[in-house]
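Residue numbers (numbering that gives the first Met the number 0), protein chains in the order written: chain A, 0 to 322; chain B, 0 to 491.
C-beta: ideal position from N, C-alpha, C; glycine also.
Remember, it's a predicted structure, so these values are computed and weren't measured experimentally.
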Amino acid sequence: MTTPDLTTQDLLRARRTIQDPVLLEFAAEVGSSDPIVMVGGNTQSHLGGVADPNARSLRAPSGIVKYQPDEMTVCVRAATPVSELHAALSEHGQRTSLPDGTNLQGAVSSTVGGVIAVGRSPVTRLKDGHVRDAVLQLRYVAADGALVTAGGPTVKNVSGFDLCRIMVGSLGTLGCIADVILRTRPINRHERWLKMVDADPKAVLNNAKTAAAILWDGTVVWAQLVGHQADIESDQARLPTSSSALPPKLPPFRWSRRPKDLYQIGSEAGRFVAEIGVGVVHCEQPDPQGGKLSANVEALNRRVRDLFDPHRRFNPGRSVELL
Amino acid sequence: MKLRRLTKRNHQNSTNNDPCAADLQATLGDQRVHTDSAARHLASTDASIFTGGAAGIVCYPSTTEQVQAIMAVAIKHDRAVLPRGAGSGLSGGAAPLGNPIVVSTTRMNRVLEVDLEDRLAWVQPGVINLDLSKQTSPFGFHFAPDPSSQQVCTIGGNVANNSGGPHCLAYGVTSSHILALEVVLSSGEIVELGGLDSEPTGYDLRGAFVGSEGMFGITTKIAVRLTPNPESVKTLMLSFDTVTDAAATVSAVIASGLVPAAIEMLDRNCVAAVESFVHAGFPTDAAAVLIIEVDGLSAGVSADATKVAEVAQTHGATVRVAANEDERALWWKGRKSAFGAIARVAPDYYLHDTVVPRSKLVEVLEAVYEIAQRYDLTMLNVFHAGDGNLHPLMAYNSRQAGANERVAAASREILELSLAVGGVLSGEHGIGVEKRDFMTDQFTSADLAQQALLRTAFDPFCRLNPGKVLPAAHSCADIATLSAAHADGVWG
């Protein structure tokens with residue numbers, strides 16, 4: 000018994016029954032038959048192929064459902080703009096590891112669901128980790144119209160197979176994300192962006208212990224240092240001469256490389272900004288090496304999509320292989 | 000409900016004159032294929048209390064190609080296959096059901112490559128967790144997941160269970176530290192999941208595989224992320240007059256905006272057991288002790304340690320800071336030896352593993368003690384308080400009339416309580432056979448159907464570790480050999 004009025008069994012029954020009318024309405028909208036294109040903030044709709052224009056467009060619900068600052072979790076509906084979410088969390092000195100869509104590309108309307116569906120991490124991945132690690136629970140509508148809960152509400156959980164992982168970065172091809180519980184984290188106590196001209200990016204990586212991001216365009220290195228002020232200043236003293244500067248605007252396409260291969264990027268990339276220590280290269284053109292999978296892995300990917308969405312209802316025309 | 004003891008019955012099936020064994024021996028050689036009852040007996044259990052396991056032939060490959068060859072023989076003879084690491088799991092996940100071919104990874108124990116520039120290592124699945132960190136620490140790096148069993152558990156086992164450990168509070172569980180996996184699927188195909196590049200193409204099959212409890216494939220190589228050793232570490236031991244104050248301190252520390260590397264709690268019963276076993280200097284007069292560790296760069300660590308101490312003192316804590324690395328190591332030895340220390344309390348113990356919201360710790364702990372009292376059980380609590388991962392530990396004597404039944408009933412209540420307050424079934428031990436039949440308490444039929452789809456994508460034949468995780472109604476038709484197995488789970 001946890002409350003005077005409800006028994007444990009009552010609470011267990013309630014837990015297994017999704018009664019939220021907003022979610023039920025969304026599930027009814029998704030239905031179980033026709034092709035659907037989920038629309039987020041349209042900040043990354045140029046990635047992963049072109050959605051079938053004849054498919055029905057649908058937006059997920061929006062709004063913060065439940066924020067627990069002392070639990071460091073927030074339940075938020077998928078169409079909520081990340082910037083709106085972060086504004087609410089900042090009142091308690093917190094944010095999430097999701098890119099907020101206002102940082103480097105000038106976009107202001109990335110949605111929580113969109114960011115999770117695309118699964119691309121912010122440039123601060125050295126400190127903030129991968130987007131997928133911020134997702135604790137995810138509720139989505141499956142191809143047969145059923146509302147499904149993946150993962151769980153706690154910060155640690157190994158109960159059953161990890162459907163959250165397969166949904167993050169799936170480009171909305173396996174289910175329509177309705178809401179999500181995210182891990183929050185404290186806002187950096189101090190942070191500063193530095194610019195170093197003609198610096199060795201590898202040396203910056205090895206010396207900047209407080210670096211959340213290190214960017215390099217072949218000539219200039221930018222670094223965001225975060226943490227305790229004294230630690231940042233110690234770091235800065237170890238780095239080449241620097242000046243305060245905002246990071247560069249990022250080109251729209253991402254190339255995926257091993258971190259140590261970044262230093263050999265040649266002219267084929269055109270203008271680029273590389274995430275040192277991570278391996279992402281932001282370029283003006285799609286990755287010429289992108290989308291290559293071994294035959295066995297490609298077959299496994301196809302089997303996943305065939306099983307979760309046998310009739311290709313979700314985001315027809317788009318594909319994770321094209322991301 | 001009662002705890003099952005079925006070992007003898009399930010070992011009646013002989014492997015003598017088994018054509019499958021003959022094929023395996025012809026393929027791998029006699030040294031790598033054991034059919035004797037001793038080998039099968041050793042492979043029939045893990046570290047859980049489940050004793051209903053029954054191993055078939057036990058194989059000891061050392062290469063990917065040998066694992067693939069085993070799978071080919073299994074396919075030919077339509078046998079189930081169970082990958083097995085150190086057998087240190089606590090959920091019955093490595094306890095074989097239905098005499099499967101057991102693939103022990105103990106001879107796949109080589110660190111294949113360490114790449115410090117990209118901060119990763121390729122290892123075989125049988126590498127012991129702590130051994131990898133011992134090898135890389137002199138170069139300034141370690142493998143962050145640190146389960147209490149890290150001196151014996153394998154990295155392949157960590158992948159199968161998505162293992163945690165005290166320092167996962169700040170560093171994340173195993174999934175966050177796995178870059179790529181080489182896997183032999185039940186079809187015999189070899190796939191590489193994930194990759195060493197920053198954003199591998201396709202669905203996150205690597206992430207889906209981690210934590211799949213040996214049911215999606217057999218891991219043959221693992222690329223793990225290496226984490227830089229912290230420049231500075233401070234470890235605090237906080238003692239409290241009440242468990243409530245200790246639990247409230249956990250919530251207050253988290254709410255203050257700190258994310259320590261670890262927050263561990265031991266209650267009075269556990270401290271007493273540990274202290275008489277390890278003599279770590281834990282205060283035996285305290286109702287509860289918290290070990291809180293902060294790490295990182297020196298200025299931030301000093302500031303965070305000061306803040307932790309201030310928060311704790313407002314809740315009545317007596318604060319000690321480890322004076323040096325030796326004292327810190329001793330405290331951690333005490334924490335990680337807790338389960339071994341229980342042997343001094345009673346001949347048997349059952350270790351639970353659930354997670355509750357951190358804000359519910361006080362409420363749940365009070366209820367756990369009430370449950371223990373009602374069932375007349377000795378209850379010790381030692382757990383990862385920072386992420387709400389409870390490990391209520393019931394010490395008992397299974398030969399005492401009714402003891403098993405009382406443990407089972409108390410365990411069920413704790414499980415239901417955890418779920419009722421918004422928690423989950425398992426934080427790090429996994430589901431295995433132990434909690435398989437409780438999955439319907441956390442998940443709906445639709446949820447479980449989707450999980451079953453994921454398994455089917457990897458193993459359409461249900462050949463790998465059949466009978467685990469998913470309740471029978473949500474599991475695909477497991478291959479014929481399982482039908483003979485007794486698979487009632489721990490609770491029968």
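I think residue i touches residue j, with their Cβ atoms under 8 Å apart; what is that distance to the nearest whole Å?
i, j, result
"ILE290(B)", "MET214(B)", "Between MET214(B) and ILE290(B) the Cβ distance is about 35 Å, and since that is not below 8 Å, they are no contact."
"ILE217(B)", "VAL101(B)", "With a Cβ gap of about 11 Å, ILE217(B) and VAL101(B) do not count as contacting."
"GLY171(A)", "ASN314(A)", "5 Å"
"ALA77(A)", "ALA59(A)", "4 Å"
"GLU427(B)", "LYS155(A)", "7 Å"
"VAL122(A)", "GLY168(A)", "With a Cβ gap of about 17 Å, VAL122(A) and GLY168(A) do not count as contacting."
"PRO144(B)", "ASN157(B)", "6 Å"
Does DSSP classify residue i as helix, strand or coil?
i, result
"ASP294(B)", "strand"
"TYR374(B)", "coil"
"PHE215(B)", "coil"
"ILE177(B)", "strand"
"SER36(B)", "helix"
"GLU190(A)", "strand"
"ALA210(A)", "strand"
"ALA273(A)", "strand"
"SER250(B)", "helix"
"GLU297(A)", "helix"
"CYS167(B)", "helix"
"SER301(B)", "helix"
"ASP347(B)", "strand"
"CYS152(B)", "coil"
"LEU111(B)", "strand"
"ARG267(B)", "helix"
Are residue i and residue j touching if we call contact CB-CB under 8 Å?
i, j, result
"SER417(B)", "THR353(B)", "yes"
"ASP199(A)", "THR218(A)", "no"
"ALA340(B)", "PHE276(B)", "yes"
"THR50(B)", "ARG83(B)", "no"
"ARG78(B)", "PRO99(B)", "yes"
"GLU64(B)", "PRO165(B)", "no"
"PHE252(A)", "GLU283(A)", "yes"
Is the closest heavy atom of the ligand ADP to the C-beta of residue i under 7 Å?
i, result
"LEU265(B)", "Inclusion of the ligand ADP in the displayed structure is not the case, the ligand content being empty and no account of it being possible."
Once the 5 residues before and after residue i are set aside, which same chain residues still bring their CB inside 6 Å of it?
i, result
"ASP22(B)", "VAL72"
"TYR66(A)", "VAL73"
"SER320(A)", "Checking the sequence shown, residue 320(A) turns out to be Glu, not Ser. For GLU320(A), where only same-chain residues beyond five positions count, the Cβ hits under 6 Å are GLY290."
"MET107(B)", "SER61, GLN123, PRO124, GLY125"
I'd like the list of long-range same chain contacts for residue i, defined as Cβ closer than 8 Å, with 5 residues on each side in sequence excluded.
i, result
"ALA26(A)", "VAL140, GLY144, ALA145, LEU146, ALA177"
"ARG257(A)", "GLY278"
What residues of chain A sit near residue i, judged by a beta carbon separation below 8 Å?
i, result
"LEU350(B)", "Those within 8 Å of LEU350(B) in chain A number zero; the least Cβ separation is about 15 Å."
"GLU427(B)", "LYS155, VAL157"
"PRO199(B)", "SER255"
"VAL172(B)", "LYS155, VAL157"
"ARG454(B)", "PHE160"
Strictly below 7 Å CB to CB, what residues from chain A border residue i?
i, result
"ASN388(B)", "LYS155"
"ASN161(B)", "VAL157"
"GLU292(B)", "The contacting residues do not exist; GLU292(B) stays about 17 Å from chain A at best."
Mind pulling the chain B residues with CB within less than 7 Å of residue i?
i, result
"ALA229(A)", "ALA298"
"ALA145(A)", "ALA445"
"VAL277(A)", "SER197"
"LEU11(A)", "GLU415, LEU418, ALA419, ASP440"
For residue i, which residues in the same chain have their Cβ closer than 7 Å to its Cβ, ignoring the five residues on either side in sequence?
i, result
"VAL32(B)", "ALA20, LEU23, GLN24, ILE56, CYS58"
"ARG205(B)", "ILE177, ALA179, LEU180, LEU192, GLY193"
"THR209(A)", "LEU224, VAL225, GLY226, ASP230, ILE231, ASP234"
"VAL361(B)", "THR243, ALA246, ALA247"
"CYS269(B)", "ALA337, LEU379, ASN380, VAL381"
"LEU257(B)", "ASP303, LYS306, VAL307"
"VAL296(A)", "none"
"LEU376(B)", "MET393, TYR395, ARG405, VAL406, ALA409"
"ARG164(A)", "ARG131"
"HIS129(A)", "SER120"
Going along chain A, which residues have a C-beta under 9 Å from residue i?
i, result
"ALA302(B)", "ARG188, HIS227, ALA229"
"PRO356(B)", "GLN67, GLU70, THR72, PRO152, THR153, VAL154"
For residue i, go through chain B and note every residue whose CB falls closer than 8 Å to its CB, in chain order.
i, result
"THR148(A)", "PHE442, THR443, ASP446"
"VAL296(A)", "VAL190, GLU191, LEU192, GLY201, LEU204"
"SER293(A)", "VAL190, GLU191"
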